[in-house]
Amino acid sequence: VLLTEVRGKHSLSHSLSHLQFSSLRYGGSTHSLTLSHLQFSSLRYGGSTSCLNCDTWTVYLDLYFSGSEYYGTTDTASLGSLQKEVSSILLTGISPWTFYNGPSYTGSSVCLYPSTDQDTDGAGSVLNIGLYPDVTSVGIYDNSIQSVRKGCWSKKVIRAAAEVKAQGKAHNGAWGHFKVTDDQTKPVSGDDLLQDA
Numbered sequence: 002v003l004l005t006e007v008r009g010k011h012s013l014s015h016s017l018s019h020l021q022f023s024s025l026r027y028g029g030s031t032h033s034l035t036l037s038h039l040q041f042s043s044l045r046y047g048g049s050t051s052c053l054n055c056d057t058w059t060v061y062l063d064l065y066f067s068g069s070e071y072y073g074t075t076d077t078a079s080l081g082s083l084q085k086e087v088s089s090i091l092l093t094g095i096s097p098w099t100f101y102n103g104p105s106y107t108g109s110s111v112c113l114y115p116s117t118d119q120d121t122d123g124a125g126s127v128l129n130i131g132l133y134p135d136v137t138s139v140g141i142y143d144n145s146i147q148s149v150r151k152g153c154w155s156k157k158v159i160r161a162a163a164e165v166k167a168q169g170k171a172h173n174g175a176w177g178h179f180k181v182t183d184d185q186t187k188p189v190s191g192d193d194l195l196q197d198a
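The sequence shown begins at 2 in the numbering used here and counts up by one.
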């Protein structure tokens, strides 16, 4: 579960404290969740709902995994309603994925690995995740991605740099949140998938 905290004059955050819940059910189990006084713009599940470390990708309309989403586990020649509308990406599993600025795996491309973090529980279960909360931070133009292919099919290879610390863990996963501030950079846009280095 990803909780995205947004603060500042540009935020569209809403307090979830009125929901009055102290636990969250996922993966067949109920887990304690402390929200304290934080304000969140999104609360959503990331990855497969049936397999902890399956190879998956999810693209999001907005930064920091917010807005509409499109989820997949296989090659996808068209992102449907999110075609050329992607601003953030979440990967799970061990496979890299190649993202293209053209339909049907054409145009400029970039290979992304799910290497932001690896969480291992006491029983040895592993969850590999790759969090790309702002595609422009890894040189991809905002709103340029049109298709996704499993594997690394690009000369441009990127491994997520940011390490994410889990706020809570259970036998079948982990959860945490991101803090977004006003000094966040504004996304760029353009026809080319990759920005010049």
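Even for Gly, the Cβ is constructed at its ideal location relative to N, Cα and C. Note that the coordinates shown come from a computational prediction; the quantities given were computed from them, not determined experimentally.
C-alpha distance - G48 paired with K157, whole-angstrom precision = Reading the sequence shown from its first residue, position 47 is the one you call residue 48. Reading the sequence shown from its first residue, position 156 is the one you call residue 157. Looking at the two C-alpha atoms, the distance is approximately 24 Å.
Near I95, what residues of its chain come up, given a Cβ to Cβ distance below 6 Å and the 5 sequence neighbours on each side ignored?
-> For the purposes of this step, residue 95 is identified with residue 94 of the sequence shown, where counting begins at 1. For I95, where only same-chain residues beyond five positions count, the Cβ hits under 6 Å are N129.
Residue ranges of each beta strand (DSSP E) within the segment 34-95, 3 or longer = 41-45, 57-63, 67-73 and 89-93
Which word fits T99, buried or exposed, when buried means at least 16 other C-beta atoms lie within 10 angstroms of its C-beta?
-> As a position in the sequence shown, residue 99 is number 98, starting the count at 1. It is buried - the Cβ of T99 has at least 16 other Cβ atoms within 10 Å.
Name the DSSP bridge partner or partners of T137?
-> Mapped onto the sequence shown, residue 137 falls at position 136. Answer by DSSP bridge pairing: none, since T137 is not bridged.
Do L80 and P97 come within 8 Å of each other at the CB atom, strictly closer than that value?
-> For the purposes of this step, residue 97 is taken as residue 96 along the sequence shown, with counting starting at 1. For the purposes of this step, residue 80 is taken as residue 79 along the sequence shown, with counting starting at 1. For P97 and L80, no; Cβs fall outside 8 Å.
Skipping 5 residues on each side, what residues in its chain have a beta carbon closer than 8 Å to that of T75?
-> For the purposes of this step, residue 75 is taken as residue 74 along the sequence shown, with counting starting at 1. Only K151 meet the Cβ criterion.
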